[in-house]
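Numbering (my numbering), first residue to last: 6 to 247.
For glycine and all other residues, C-beta sits at the position ideal for the given N, C-alpha and C.
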């Protein structure tokens, strides 16, 4: 059995439940999904400042469950804490942005990124640049300001998301569209019949890729490092530095 830990980097349990459902829907038989919310932080990760706060919260969640999973997924578009997690943990770790970008790049020459609010765009652009995928991106289509329940935004803005997808295809030339953000997990298969190109759900892509990486990755992935005393954080996270 393959054990996957899925970490929602925000503290909204309804978003975690949505992500968990999408992850289980994408998982192969014999894959067990455990989904957790960040132990501290913010109800929604929107800005660069939010992203910085979400990094330690994500690492703390990964550290608390250490030893109980064969691979981990950071289910926040922007992948907070991803580079650190890859460095500190000895199992494969991937982010839903990372997974979505690479999956979309294999499905078409250029992909569009669609999400529910334009406030997310600077963080998404930073993430795209970090993964060096700017040349494959046809552009961003984002909704207006959002202040509602992130656990229900997929339903309340579904029609808007469909229209943004169509504009990404018709006006930007996207051959594939990524639905970006943990709160949109599970929406892609529901609206796919109304969008003329493939849709990529980062959570589903990450689950499938994580399953593959468990079989491909050699043991002992953690990078060599010098033991240091980490203060001010919980014992599980501090132990990653020990």
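Secondary structure of residue 6, DSSP reduced to three states: Locating residue 6 in the chain shown gives position 1, counting from the first residue. Residue 6 carries a coil assignment under DSSP once its states are collapsed to helix, strand and coil.
C-beta atoms of residue 109 and residue 181 nearer than 7 Å: As a first step, residue 109 is located in the chain shown; it is residue number 104 there, counting from the start. As a first step, residue 181 is located in the chain shown; it is residue number 176 there, counting from the start. In this structure, residue 109 places its C-beta atom within 7 Å of the C-beta atom of residue 181.
Buried versus exposed call for residue 159 [16 or more other C-beta atoms within 10 Å across all chains shown]: Position 154 of the chain shown, counting from 1, holds the residue named residue 159. The residue is buried, with at least 16 neighbouring Cβ atoms inside 10 Å.
Where residue 6 falls, given that 16 or more other Cβ within 10 Å makes a residue buried: Here residue 6 corresponds to residue number 1 of the chain shown, with the count starting at 1. Exposed: under 16 other Cβ atoms inside 10 Å.
Cα-Cα separation between residue 97 and residue 242, rounded to whole angstroms: By one-based count along the chain shown, residue 97 stands at place 92. By one-based count along the chain shown, residue 242 stands at place 237. Approximately 17 Å between the Cα atoms of the pair.
Closest by C-alpha distance to residue 18, when choosing among 186, 127, 155, 88: For the purposes of this step, residue 18 is identified with residue 13 of the chain shown, where counting begins at 1. Nearest of 186, 127, 155, 88 to residue 18, Cα basis: 155.
Residue 105 versus 123, 83, 40, 126, residue with shortest Cα-Cα distance: Translated into the one-based positions of the chain shown, residue 105 becomes position 100. Selected option, being the one with the closest Cα: 83.
Whole-angstrom C-beta distance between residue 59 and residue 100, which should lie under 8 Å: On the chain shown, position 95 is the one that residue 100 refers to. On the chain shown, position 54 is the one that residue 59 refers to. Residue 100 to residue 59, Cβ: 11 Å. No contact.
Cβ neighbours of residue 162 in the same chain (closer than 7 Å, five flanking residues each side left out): In the chain shown, residue 162 corresponds to position 157, counting from 1. Excluding positions up to five away in sequence, the list reads 121, 148.
Expected contact under 8 Å - CB spacing of residue 52 and residue 124 to nearest Å: Along the chain shown, read from residue 1 onward, the residue named residue 52 stands at position 47. Along the chain shown, read from residue 1 onward, the residue named residue 124 stands at position 119. So it is a contact: roughly 7 Å between Cβ atoms.
Buried or exposed (CB count within 10 angstroms, at least 16 for buried), residue 230: Here residue 230 refers to the residue found at position 225 when the chain shown is read from its first residue. So residue 230 counts as exposed.
Cβ contact check for the region 183-199 and the region 19-39: 3 or more pairs under 8 Å: Counting Cβ pairs under 8 Å, three or more are found: they touch.
Extent of the continuous alpha helix (DSSP H) to which residue 128 belongs: In the chain shown, the residue the question calls residue 128 occupies position 123. Per DSSP, residue 128 is one residue of the alpha helix (DSSP H) stretching across 126-135.
Residue 169 to residue 178 span [Cα, whole Å]: If you number the chain shown from 1, residue 169 lands on position 164. If you number the chain shown from 1, residue 178 lands on position 173. One Cα belongs to residue 169, the other to residue 178, and the distance between them is close to 13 Å.
Per DSSP, cross-strand counterpart(s) of residue 78: Here residue 78 refers to the residue found at position 73 of the chain shown. Answer is 11, 99.
Own chain partners of residue 213 with C-beta closer than 7 Å, once the 5 adjacent residues on each side are dropped: Taking the first residue of the chain shown as position 1, residue 213 is located at position 208. 31.
Rounded separation between residue 247 and residue 54 - CA only: The sequence position of residue 247 within the chain shown is 242, counting from 1. The sequence position of residue 54 within the chain shown is 49, counting from 1. Answer to the nearest angstrom: the Cα atoms are 28 Å apart.
Euclidean distance between Cα positions of residue 114 and residue 50: On the chain shown, residue 114 is found 109 positions in, with the first residue counted as 1. On the chain shown, residue 50 is found 45 positions in, with the first residue counted as 1. When rounded, the separation of the alpha-carbon atoms in residue 114 and residue 50 is 29 Å.
Buried versus exposed, by CB contacts within 10 Å (16 or more), residue 92: Within the chain shown, numbered from 1, the residue matching residue 92 stands at position 87. Exposed: under 16 other Cβ atoms inside 10 Å.
Which of helix, strand or coil DSSP assigns to residue 138: Indexing the chain shown from 1 puts residue 138 at position 133. DSSP places residue 138 in coil when its eight states are reduced to three.
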